[in-house]
Each structure stands twice: as C-alpha cells, then as structure tokens.
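The structure under discussion appears below in the form of structure tokens.
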Amino acid sequence: MNILLVCAAGMSTSLLVTKMQQAAKEKGIEANIWAVSADEAKAHLDRADVLLLGPQVRYKLSQFKKEGEARGIPVDVINPTDYGRVNGASVLEFALRLKQ
Amino acid sequence: MKRIDIVYEKLKELTSSNNEWISAQQLASILKLDRANVSSDLNKLWKKGKVQKRNGRPVLFSVVRQKSSEMFLTKLDELMYHQPSLAIAVEQGKAAILYPPKGMHMLILGETGTGKSMFAELLHEFSIEIRKCSQDAPFIAFNCADYANNPQLLLGQLFGVKKGAYTGAAEQKGLIEKANNGILFLDEVHRLPAEGQEMLFTFIDKGVYRRLGETETVRSANVLLICATTENPESSLLTTFRRRIPMNIYLPPLRERTTEERCHLIFHFFREEAIRLGKEIHVSANTVRAFLCYPCPNNVGQLKADIQLACAKAYADYVTAKKKKVQINSPDLPHYIKEGLFIAKKQARSLVFQYRYYIFSPDREEMSFEPNEADYQNIYESIERKFNELKAHGVNDDELELLMEIDVENYFTQYMKGVNRRIHTGNDLAKIIDPPIIQLAETIIQQAERALRKRFAKKVVYGLALHIQTSIQRIQNGKKIMNPHLNKVRMMYKNEFNLALDCMKMIEEHTGLDLPIDEASFLTMFFVLDNEAINDHEEHVSILVMMHGNGAATAMADVTNHLLATDHVKAIDMPMHLEPKEIYERAKMLVKQIASKKGLLLLVDMGSLTTFGELLEKEVGIPVKVVSAISTPHVLEAARKAIVGYSLEEIYEDVKNVTPFYVNRPLWNGDEQKQEKFVIITACVTGKGSALAIKKVLETYLHFDNEFVDIIPIHVASEKDMQMRLSQIEKHYRLLCVISNVPFLGKTPYFYIEEVLSLRAIKSIQKLIDIEETYTKMIEILTNHLQCIRASEGIAAIRCCFANIQQKLQINVHPHDMIGMVLHTCCMLDRLIAGDNSVQYEQKEKYIKENEWLYHLVKKELHSLEKKYRVNLTKDELCYIMKFFEYCKTNC
Chain A
1 MNILLVCAAG MSTSLLVTKM QQAAKEKGIE ANIWAVSADE AKAHLDRADV LLLGPQVRYK
61 LSQFKKEGEA RGIPVDVINP TDYGRVNGAS VLEFALRLKQ
Chain B
1 MKRIDIVYEK LKELTSSNNE WISAQQLASI LKLDRANVSS DLNKLWKKGK VQKRNGRPVL
61 FSVVRQKSSE MFLTKLDELM YHQPSLAIAV EQGKAAILYP PKGMHMLILG ETGTGKSMFA
121 ELLHEFSIEI RKCSQDAPFI AFNCADYANN PQLLLGQLFG VKKGAYTGAA EQKGLIEKAN
181 NGILFLDEVH RLPAEGQEML FTFIDKGVYR RLGETETVRS ANVLLICATT ENPESSLLTT
241 FRRRIPMNIY LPPLRERTTE ERCHLIFHFF REEAIRLGKE IHVSANTVRA FLCYPCPNNV
301 GQLKADIQLA CAKAYADYVT AKKKKVQINS PDLPHYIKEG LFIAKKQARS LVFQYRYYIF
361 SPDREEMSFE PNEADYQNIY ESIERKFNEL KAHGVNDDEL ELLMEIDVEN YFTQYMKGVN
421 RRIHTGNDLA KIIDPPIIQL AETIIQQAER ALRKRFAKKV VYGLALHIQT SIQRIQNGKK
481 IMNPHLNKVR MMYKNEFNLA LDCMKMIEEH TGLDLPIDEA SFLTMFFVLD NEAINDHEEH
541 VSILVMMHGN GAATAMADVT NHLLATDHVK AIDMPMHLEP KEIYERAKML VKQIASKKGL
601 LLLVDMGSLT TFGELLEKEV GIPVKVVSAI STPHVLEAAR KAIVGYSLEE IYEDVKNVTP
661 FYVNRPLWNG DEQKQEKFVI ITACVTGKGS ALAIKKVLET YLHFDNEFVD IIPIHVASEK
721 DMQMRLSQIE KHYRLLCVIS NVPFLGKTPY FYIEEVLSLR AIKSIQKLID IEETYTKMIE
781 ILTNHLQCIR ASEGIAAIRC CFANIQQKLQ INVHPHDMIG MVLHTCCMLD RLIAGDNSVQ
841 YEQKEKYIKE NEWLYHLVKK ELHSLEKKYR VNLTKDELCY IMKFFEYCKT NC
C-alpha cells in the first residue's frame, strides 16, 4: 500500500506522515507513506496507490484527479479537521477506504 | 346549606378576624353539632386547603386567611410578584419542591448577596405552605466553608459520628439526620472537600449514609438537599454536582434586575429598619435615587447592609440630638453610594420622584410622603423647589433649565421610539390598549387634524393611545403627573395647548377622571412633536435584498425590519426554478414602487443577480449600487443608515466594509492568550429568560466538549452595555460567538436569536466550534513537533496575519482550507528558523512578476511574523502562500 501525500511545500504533511506510519504500525498494516510538494507530485505519481491532498492545495484537486484517473489512482482532499489535528489514524483509514 | 359549609362559615366568622384558633370540640358545641362530624368536616376542609390546623392536643383549627384576590399567595409568589426577574427561579424552585415523590435536589447559583440563603428558606416555607412537608419539617443550614480545612470535622458534622470513631469521639447526630423529612441547605457547596463529596453523592444517589466510624449499619434519611454556590457552574468541581443535581436555579445579580425591583427592595429594607428602630425614618428623594443607581457589587445583601448602615448613622444623629428626626439626606451617605446620583443623572430614563421625603413608618404598611400639603397642582412651587434643590448642588440657572428640558424631551423621544418599536399593527395595539381608548385617541387626532390643519402620522395615534392609557393608570393608582415645562409649553405652542385643553376634557368625559393641567402640556407635545416626525417622509435610499433560494432574502429583510422597527427593507426571493428574466421583471416592478430619488441599494448573494444593478439603473432611471455576497449584518447596516438619511454612496461604502459574517479572524489579537476556554454568549435585552432558552437550544443541538466551550446567558440593557459585558467576559474566556437580539457590530461572529431558534445558525456555530477545537488540537500536536517556536503563539500570530490578508483582499477563505494553510505556515516558520531554506518554488520570479501587487501585500502582512521571529521569509515560501490566496480569491 503506497500512500502519497501532497501539500504546498511538502513539509507540513511530513508530520502527518509520521503519525500515519505510527497508526499503520499499530494496525499491522504494511504501508509506504511519503509526502512531497505539489510540483514534485507528478514524478511520484506512478509509485502511488492513493494520492491525498492537504486542504491548502485543494485547488489542485481537479488537476490531480485527471492524472489519477488516467492511472487508476484514487485522489482526494484530506478532511481539514483531521489534517489540522494531525490525526494520522483517521487519515490512514480514509486512504484505505479510498483504495477499496 | 350543607353542614360542611355551615362549619366553614362559622369557623371563618370566629377565626378570620384576629388570628384565633379553635378546636373541633368548641366549634361543635357552638354549632350544636356532633363533634365527630365537625371534626371530619374540618379535616375535609383542611385537605382542600381552606382551613389550617395546628397540631397538638386538642388539634386547633383556623380559617386560611385569603388575600383580597381570593388567591392563596405563598411567600414565594409574593417574591415573584415584587421581583419579576426571579420568576424563572421561583417557578423552578416550586417545580423542584413539588416534584414527586419527595422533591428534587436543587443547586442554587448566584453571586454573593443575591439571596441564595433567603431563597432556600422560602422554599422551605413553601413546602410547608403547600403541605409537601409537615408543619415542623426541619430546615438545617450548613456552610461548607466553615470546616473546609478540616474534612473529618466537617464529615462528622454532616453525617454524624459513632462513639469511639476517633479518640474521645462521642456519639453525635449528623445534620443529615437532623434534617430528616425536611430540607438541608448546604451553602458554598464548592468548598466541600473531596471526601465529603463522595459521601454526599452516595446519599444523593441511594438515600443512605453512614456515621463516621460506622461500618455495619447503614442509615437512611429522607432529606431534600438545596445546595448553593457562588462559583461558576461550569467549573470542574461543580460539573459532578450538576450531573447529580439537574435542577439548577440561577438567581440574577442586582444589576440584572429592573429599577422597579431595586426600588421595591430599597423601600422594603427601609421599612424593615423603621420597624426595627420603632421610629419613622425620613428618606430624601436623592437618597433613594442614589441607592437605586450606585454600583452594588455584592448585590441585595450589600444593598441591605448599606441601607442598615445609613439608618444606623441617621439614628445615631437623632439620639445625639444632632437631628430632630431619623432623617437621611444624600450628603450623609458614604461616597460610593453618592456616586449613584451621578449615574442616575446619566441615565436616559427619568427616575421620577416627586416627593422630597419618603417616610417609612413602623406602624403603617404604606409609606407616606412629605410635604404632603404641597399640592402637586401647584406646579410653580414644585418647580421652585426643584430649582432650589439643583441650585444647592451648584447648578446655574441656564444649565438648570437645560437639565429639566432634557428630562422632558428625553421622556418624549424615548416614548415615541418605544411606541414605534412595540407596535406595528393595529392588532398588536388592541392587545395592549383598550379599544375604547384607541377610538378616543383617533377622535382626538381627527379633531387635531381639523383644528391645526395638518396630517398626523399613524404612529401618533398609537403613541397618544398608549399615553392616555398610562396616564389614566397613573392617576387611578394615585401617582402624580407633572410637567415642569408647563409654562414654557403653554407660551410656545398656544394653539396646540388650547387644543390639548379641549382634548383633555374629552378624556375626562370618557374616563370620569380629573386630569391635572400638566396633562395638557403632555398632550401638546404630541401635537407639536409630529412637526418633526413629518420629516419621516423625507426620501431615503431604498433597499432591496435578493437572494437565491426560497425565503432567504425575505428572512433577512424580516429580521432587519423587525430589529429596526421599520419596513424599509424589501426582499425578493429567487427560487432556483425561476428564470433570471422573470426575477428581473419582478424586481423592476418593485423598484418602481419603492424607488426614491436618492437611489437604490441592491443587496444580492451571487451570480446573475449582480448584473441587475446596471439594468435597473437604466430602466428605472435612479442611481443603483450593488453589494454582493451579503449577510444579515450587511442588510442591517444598510437599513440603519438609510433610515437616518445617509446618501447612497455613503451607505454603499459602509456596507462594503462590514466585516463578513463568518469572520475568519482569529478570535483574539495576535498576542498570545492565556484564556483557554471558549465561550458562546447568549445576550438578551428582554430579560435573561430568552437568553437561557437559547442556551438550552444550543446545548441540545450543538456537539461540543464542556471542557472546551461554555455557554453563558447574559441580560443586557443596550448595545453599549453589551460591549462592556463582553469585554469583561473576554478577560476570562475567548469569545467564540455572540447570539443576541441587539445589533452588535464587533469583531466577534454573531447570530440573531431568530437564526438560532429556527436552527439556521446551528450549522455555522458548530463549524466555529469544530474549527477552534481543531486549532486547539493542532497546538497540542505541534507543541511536541516544533523546535523553535511555541505552537500556541505561532498559530495565533499566523491566523492574525492571514485574517488581515483576507480583509485586504476582500475575500473569505473557507475556514477549512485555512486550517491547512496555518499548519503549513507554522511548520514553515519553524523550519526557516532552524535554518532550512531548501524549499523551492519553480519559476518564482516569473510568478512574482505576474502578481506583483499580491506579492507586496502578502509580504507586508507577513512582516510582523518576520519581525517577531527574526527570520526572513524566502521568496519561494511567499510564493506558496500567494498561490493559496490567489486561488482563494479567484474561487470565492
């Protein structure tokens, strides 16, 4: 399970990545989670199973959705409340649900 | 007549006059009836509540003395009658006592001196009066603060002690045991130590307890608990209490009660003192005024103590023969009470005291007045006296005249405003005023119109009718009517005054009352006043609200019209199925009707509606301005300014600048805040009742953590008063939003009561709560993560900057999007401070060049962050932020 997170500069999501990795470990899910900036995302897209956007780059959603559809990758925006609370478990669950 | 009636009549004859008691045997022998029958009748009557009985041997009976109204008034009812602000509390208290089977425990909340102990005692009396408890039911009061630092002693007091429980312990009954079948009043219950709480909770839950040192026996007692506290009911300790004691009774502090209530308290306390001293007490009008208005932080208790002190001092002067009678004049009062006089002057509503001295007598219930011989008809004397009094205060003649004039004018403008606000339709009017009086007012106005050859606005009829009704009531109640301006009025408006005299005769004929000549000068004011009221017909900027959806526009217009007591705001709803063209035609029709030369302000939400302005301007031929993305405050602001005659340009500019509804500002200044807890204020001008009701609605429909958000209902007198109260509350809380029925233009988001009651605002309020909760959680998380800055401080500063950017850009970023951006920026700051400048933005120079103004704006607004953290924000970082706002702006 490869989860790609995208935010403005790829830095604020890194905190979320840590939390999600923790959550995955606790749940016994093997997941590869990493974060990049919006500009870099395209290059990473092929390695991802799910693409999640930070709420502050919501405006990129339609662009990434197109890219995602072409590759069969689900794309969505992270719930702002979970994002703001850096709720790793909740975002992980969200990613898993998207993949299903 | 049935036997039982005969028994009752005889008992009434024998016992009603002078509080006598009689046994069944005595009554039976007087009536020559069998004792057993009489006794059974008496007991039946007792059950009906018509007879009271006194236990003993023999049992004595007496008729229940009824008030003139044939109603059985308990002391609580009396309290409610004199102190309407306590009505809710009284009803709650009664309900709790009557709650089957044994009553409900209560928690009384209120500041010091609001009368919690007295209220508890009255509840006890009430429970006896209505026979919920027996005559001798105990009332035990205990102040938990007494032994607060010795829990063992306190527990012993409360629950009793077993012999030998500790060295030298004697067997001791606890207060709970003593209060069996009665009431235990625990004052300052928040001082109860933790050990005591647990035992008390067991008792509350199961009705059983143990004496200190007892292990085997479990005792039970039937006790109704009344707890009282001055603490904030939301404080952590009390929440556990509140869970177990659902009945919370709030006693409002003195400042939330009406002037009439305070006046009644003052008179009551003076009379009490008169009885205590056994002497007449003469109190000057100014003294009463001072007591009415001085700030009295410790409430009724302090008021009583201050009055006692004043009386004691006056008594001392009397005993030492400094004065001939027990007399209190305002100069004798302590400084802080005298302050009340200045406050009284500042108050718009006039506090009318037409007597020089109020005399409280130990023998008579009613007070008398001095000088009694001074006939109020003799207005000259009264004015002269007022003059002299004011002169003694060092006021010169010109000022004096002005002061008195202001009083009268004030009365009138306030009065007409009140009429306007209260009455919108004839229907409403008929509810308040007797129809014959309305007819009378109409006839008078008709006559006046003929005689003065001018038209009067409809509201003058309403005003006049209301005025006549109150005058009649005043006279019937023996209150006086006087107008110190009689002469001036008579001179200035000869015609109107003569007309008023005629009208007065009509009123006298109609009511059979004699009216003082002063009344004519009041009537004159009605006829004169309308000259200015005619200005009402001056043209104003028209206001039209148009919004998508069913009823949104109408609702906004209604709220505004209702609040401002006008019908100036018009609305057109635009249901989604209608074509814009159709809507436009409707709008055009309406605009043609309401158009004024001063122009039209069109308030719309979005889309095609924004283009209507130009079209209307061309086709109707009046200036039109359009403001889009509006909410109720915009409409309110526009209407308020339009009514008072602002120009279209002015209104347009002002409305544009109204802070939007869902303000994304941080709820505090950029500085860090110590207050952790949020608060929602429900404020009400009509009394705390509706504020409380709103609180209940909010509690029912909102999801929130009690630890995080408080809801505080307050009663406010005016917008200004509200500002003051809010700034006080802000010392302890962070304001989340305000719900009120007064227009309130502050930085805090606010909602109208109507919006909450209709549940329209619930979603928005929930959003506010969720967002703030998210930020709080964000702070917690970031605190561990950030290395260089403090999360709480950083987030506050960033939110503040972003709010400013939004304001400058005139956009409203969705708060959800903002959360992400704030988190991003906070991490970014921390990173930069740590020296990591690695983030790149592709083609940043090009992007900056294309959006130069935005670059400068963002850079300028974020400069405060740079300064605060002594760090340089790189162009790359700024570009990311710019990009965010640029997107928001194009998509708003």
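Just so you know, the protein sequences line up as chains A and B, in that order. The first sequence maps to residues 1 to 100 in the UniProt record's numbering. The second sequence maps to residues 1 to 892 in the UniProt record's numbering. Glycine is no exception: its CB is placed at the ideal position from the N, C-alpha and C atoms.
Query raised in the report: Where in the UniProt domain "PRD" (789-892) of chain B do unbroken runs of the alpha helix (DSSP H), each at least 4 residues long, occur, reported from the N-terminal end onward?
Result: Within the UniProt domain "PRD" (789-892) of chain B, the complete alpha helix (DSSP H) runs of at least 4 residues are 791-809, 815-833, 844-850, 852-869 and 875-891.
Query - Contacts around B:T825, its chain only, beta-carbon distance under 6 Å, and the 5 residues preceding and following it disregarded - result: Result list for B:T825: I798, in chain order.
Query raised in the report: In terms of residue numbering, what span does the alpha helix (DSSP H) encompassing B:T259 cover?
Result: Taken as a continuous stretch (DSSP letters only), the alpha helix (DSSP H) holding B:T259 covers T259 to L277.
Query raised in the report: Given that B:M778 touches chain A, what residues does it touch there, using C-beta distances under 8 Å?
Result: Going along chain A in sequence order, the residues near B:M778 (Cβ under 8 Å) are G84, R85 and V86.
Query raised in the report: Residue range of the alpha helix (DSSP H) that B:D558 falls in?
Result: Here the alpha helix (DSSP H) through B:D558 covers A552 to L564.
Query raised in the report: Considering only residues of the same chain and omitting the five flanking positions on each side of A:Q63, which have a CB-CB separation below 7 Å?
Result: Around A:Q63: no qualifying Cβ.
Query - Coil, strand or helix - B:P713 by DSSP - result: In the structure shown, B:P713 sits in a strand (DSSP, three-state: E or B).
Query raised in the report: Would B:I343 pass as a contact of B:D306 if the rule is Cβ separation under 9 Å?
Result: Taking 9 Å as the cut-off, the beta carbon of B:I343 is found no closer than this to the beta carbon of B:D306.
Query raised in the report: What first and last residue would you give for the beta strand (DSSP E) that runs through B:Q327?
Result: It spans V326 to I328 - the beta strand (DSSP E) in which B:Q327 sits, taken as one unbroken run.
Query raised in the report: In whole angstroms, what is the alpha-carbon distance linking B:L486 and B:L123?
Result: Taking the straight line joining both Cα atoms gives about 50 Å.
Query raised in the report: Taking three-plus beta-carbon pairs below 8 Å as touching, is the region 719-730 of chain B in contact with the region 252-269 of chain B?
Result: Output reads no: the region 252-269 of chain B does not touch the region 719-730 of chain B.
Report task. Starting from the Cα of B:A169, find the closest Cα among B:A587, B:A179 and B:Q157 and give me that residue. Result -> Distance check between B:A169 and each of B:A587, B:A179 and B:Q157 places B:Q157 closest, using alpha-carbon atoms only.
**Report entry** For A:I29, three-class secondary structure by DSSP
**Finding:** In the structure shown, A:I29 sits in coil (DSSP, three-state: anything other than H, G, I, E or B).
Report task. Starting from the Cα of A:R58, find the closest Cα among A:A31, A:S37, A:V86 and A:A23 and give me that residue. Result -> Of A:A31, A:S37, A:V86 and A:A23, the residue nearest in Cα terms is A:S37.
Requested in this report: Return the Cβ separation of B:V283 and B:F270 in integer angstroms, given the expectation that the two are a contact with Cβ distance under 8 Å.
Outcome: Confirmed, Cβ separation roughly 6 Å.
Query raised in the report: Apart from the five residues just before and just after B:I848, which ones in its own chain have a Cβ nearer than 6 Å to its Cβ?
Result: The answer, listed in chain order, is Y855.
Query raised in the report: Closest Cβ-Cβ distance between residue 899 of chain B and chain A: below 9 Å?
Result: Past the boundaries of the shown model lies residue 899 of chain B; chain B is included only from 1 to 892, so the question cannot be answered.
**Report entry** Reduced DSSP secondary structure (H/G/I, E/B, other) of B:M546
**Finding:** Three-state result, B:M546: strand.
Query raised in the report: For A:L15, which residues in chain B fall below 7 Å Cβ to Cβ?
Result: The answer, in chain order, is H785 and C827.
Query raised in the report: So, is B:T413 buried or exposed, given that buried needs 16 or more other C-beta atoms within 10 angstroms?
Result: At B:T413, the pLDDT of 48 sits below 50, so the modelled position is not reliable; the number obtained from the coordinates is stated separately. Only exposed fits B:T413, as fewer than 16 other CB atoms lie within 10 angstroms of its CB.
Query - chain A within 9 Å of B:L698, Cβ atoms only - result: Not a single C-beta of chain A is nearer than 9 Å to the C-beta of B:L698.
Requested in this report: Kindly indicate the opening and closing residues of the alpha helix (DSSP H) around B:Q439.
Outcome: For B:Q439, the enclosing alpha helix (DSSP H) begins and ends at P435 to L452.
Query raised in the report: So is B:D573 in contact with chain A if we call contact Cβ pairs under 9 Å?
Result: Not one beta carbon of chain A lies nearer than 9 Å to the beta carbon of B:D573.
Query raised in the report: B:H816 touches chain A at which residues, Cβ-Cβ below 8 Å?
Result: Close to B:H816, with beta-carbon spacing below 8 Å, are these residues of chain A in chain order: P55, P80 and T81.
Query raised in the report: With DSSP run on the structure shown, which of helix, strand or coil describes B:K323?
Result: Per DSSP, reduced to three states, the secondary structure at B:K323 is coil, with no helix or strand assignment.
Query - Distance, B:E272 Cα to B:L501 Cα - result: The alpha-carbon atoms of B:L501 and B:E272 are separated by roughly 44 Å.
Query raised in the report: From what residue to what residue does the alpha helix (DSSP H) around B:M199 run?
Result: B:M199 -> alpha helix (DSSP H) spans A194 to K206.
Requested in this report: Please report how far the alpha carbon of B:D5 lies from the alpha carbon of B:A28, in whole angstroms.
Outcome: About 14 Å.
Query - Where the beta strand (DSSP E) through B:K53 begins and ends - result: It spans V51 to R54 - the beta strand (DSSP E) in which B:K53 sits, taken as one unbroken run.
Query raised in the report: On the three-state DSSP scale, how would you describe B:N741?
Result: It is coil, neither helix nor strand.
Query - B:C296 vs A:L15 beta-carbon contact at 9 Å - result: Taking 9 Å as the cut-off, the Cβ atoms of B:C296 and A:L15 do not count as close.
**Report entry** Extent of the continuous alpha helix (DSSP H) to which B:Y646 belongs
**Finding:** It is not in any alpha helix (DSSP H) - B:Y646 carries neither H nor E in the DSSP assignment.
Report task. Indicate whether at least one CB of chain A lies closer than 9 Å to the CB of B:I881. Result -> Contact with chain A is found for B:I881, since one of that chain's Cβ atoms lies less than 9 Å from the residue's Cβ.
Query raised in the report: Helix or strand or just coil, what does DSSP make of B:G21?
Result: Here residue 21 of chain B turns out to be Trp, not Gly, going by the sequence shown. Residue state, collapsed to three classes: coil.
Query raised in the report: Does any C-beta atom of chain A lie closer than 9 Å to the C-beta of B:H824?
Result: Yes - at least one Cβ of chain A is within 9 Å of the one on B:H824.
Query raised in the report: Under 9 Å, do B:A165 and B:E214 count as touching if we go by C-beta distance?
Result: Taking 9 Å as the cut-off, the beta carbon of B:A165 is found closer than this to the beta carbon of B:E214.
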